[in-house]
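Below is one structure, written out as structure tokens; comments come after it.
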Amino acid sequence: AQTVTQSQPEMSVQEAETVTLSCTYDTSESDYYLFWYKQPPSRQMILVIRQEAYKQQNATENRFSVNFQKAAKSFSLKISDSQLGDAAMYFCAYRGGANSKLTFGKGITLSVRP
Amino acid sequence: GAVVSQHPSWVICKSGTSVKIECRSLDFQATTMFWYRQFPKQSLMLMATSNEGSKATYEQGVEKDKFLINHASLTLSTLTVTSAHPEDSSFYICSARAGGQGAGLRGYTFGSGTRLTVV
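Protein chains in written order, with our numbering: chain A, 1 to 114; chain B, 115 to 233.
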């Protein structure tokens with residue numbers, strides 16, 4: 001079974017600084033997708049960024065980028081120029097190629113200091 | 115973009131009664147919908163997967179008779195908590211996935227969640 005591990009329960013970053021959230025996963029599949037979701041206090045799940053496993057190029061969405069290391073099974077999220085609105089819980093998620101279920105990590109609570 | 119509407123956003127019910135939560139995909143056809151339960155500061159726990167026109171697939175440990183899921187159309191799935199008890203109080207979230215080419219990368223669209231309180 002696939003597992004997703006987010007070992008850091010909490011992190012804090014100064015506004016305008018850069019922070020990296022870690023995520024590792026375990027799978028025997030070669031075809032899969034990885035996601036980072038943000039859940040602000042409103043509890044609405046928001047897709048931040050996604051990565052196809054067969055693509056070597058790291059995905060980027062404005063201030064958000066990932067460091068995808070397929071061999072190491074690592075998928076970290078980097079947030080540049082952190083803003084107060086980035087404060088939220090962040091979940092790393094995995095979806096296998098043949099399976100439609102999302103497997104979530106435990107999540108990490110990110111706080112942003114003004 | 116894809117929008118999923120979930121209602122109600124919050125509900126309070128008496129112990130022993132049933133509560134129905136609706137999840138609608140507004141601008142796409144959701145071939146698959148998922149129902150999650152989330153406790154404060156914790157991750158989403160998948161309860162069941164429903165495909166339009168077929169019976170839901172429940173995760174291990176989830177009571178099928180307590181959490182009834184119906185996915186009668188490509189735009190609507192419902193979760194009914196039957197004979198609710200205080201321990202069923204939680205935050206319930208649905209998500210929907212469109213079918214077709216490229217569905218895997220499009221990911222999933224989530225509803226805004228329902229806070230259920232059983233008194």
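For every residue, glycine included, the Cβ atom is placed at its ideal position computed from N, Cα and C.
Residue i: contacting residues in chain A (beta-carbon distance under 9 Å)
| i | result |
| --- | --- |
| F142 (chain B) | Within chain A, no residue comes near F142 (chain B); the closest Cβ sits about 15 Å away, beyond 9 Å. |
| T131 (chain B) | Simply none; closest approach about 24 Å. |
Proximity of residue i and residue j at Cβ, strictly below 8 Å
| i | j | result |
| --- | --- | --- |
| T192 (chain B) | V125 (chain B) | no |
| R138 (chain B) | S119 (chain B) | yes |
| Q6 (chain A) | G107 (chain A) | yes |
| K38 (chain A) | A93 (chain A) | no |
| R211 (chain B) | A170 (chain B) | no |
| M45 (chain A) | F224 (chain B) | yes |
| Y32 (chain A) | A53 (chain A) | yes |
| D81 (chain A) | A16 (chain A) | yes |
| N67 (chain A) | S76 (chain A) | yes |
| S209 (chain B) | M147 (chain B) | yes |
| L47 (chain A) | F64 (chain A) | no |
| D179 (chain B) | T163 (chain B) | no |
| L140 (chain B) | V117 (chain B) | yes |
| T109 (chain A) | P41 (chain A) | no |
| H185 (chain B) | E201 (chain B) | no |
Residue i classed as buried or exposed, judged by whether at least 16 other C-beta atoms fall within 10 angstroms
| i | result |
| --- | --- |
| L230 (chain B) | buried |
| V233 (chain B) | exposed |
| Q174 (chain B) | exposed |
| G130 (chain B) | exposed |
| T60 (chain A) | exposed |
| A198 (chain B) | buried |
| Q51 (chain A) | buried |
| L142 (chain B) | Reading off the sequence shown, one finds Phe at residue 142 (chain B), where the question assumed Leu. By the neighbour-count rule (16 or more Cβ atoms within 10 Å), F142 (chain B) is buried. |
| S111 (chain A) | exposed |
| T18 (chain A) | exposed |
Contacts of residue i in chain A (Cβ-Cβ under 8 Å)
| i | result |
| --- | --- |
| R211 (chain B) | S100 |
| T189 (chain B) | Here the premise fails: no neighbours, minimum Cβ distance about 17 Å. |
Interface residues of chain B facing residue i [CB-CB closer than 9 Å]
| i | result |
| --- | --- |
| R43 (chain A) | Q152, F205, I207, S226, G227 and R229 |
| F104 (chain A) | Y150, S157, L158, M159 and L160 |
| F91 (chain A) | S157 and L158 |
| G107 (chain A) | K155, Q156, S157 and L158 |
Residues that residue i contacts on chain A, provided the C-beta gap is smaller than 7 Å
| i | result |
| --- | --- |
| S164 (chain B) | Residues of chain A passing the Cβ test: none, with the nearest at roughly 11 Å. |
Residues that residue i contacts on chain B, provided the C-beta gap is smaller than 8 Å
| i | result |
| --- | --- |
| K70 (chain A) | Going along chain B, no residue has its Cβ under 8 Å from K70 (chain A), so there is no contact; the nearest lies around 16 Å. |
8 Å Cβ cutoff, residue i in contact with chain E
| i | result |
| --- | --- |
| F64 (chain A) | This model lacks chain E altogether; the protein chains it does include are A and B. |
What alpha helix (DSSP H) runs, 4 residues minimum, are completely inside the region 139 to 179 of chain B? Runs of the alpha helix (DSSP H) inside the region 139 to 179 of chain B: none found.
Proximal residues, the region 171 to 197 of chain B versus chain A, C-beta separation under 8 Å: Under the 8 Å Cβ criterion, the region 171 to 197 of chain B contributes no residue.
Within the region 187 to 216 of chain B, ranges of the alpha helix (DSSP H) (whole runs, at least 4 residues): Runs found: none.
List, from N- to C-terminal side, the beta strand (DSSP E) runs of 3 residues or more that fit wholly inside the region 33 to 73 of chain A. Under the rule that a run must span 3 or more residues, the beta strand (DSSP E) segments found entirely inside the region 33 to 73 of chain A read 46 to 52 and 64 to 69.
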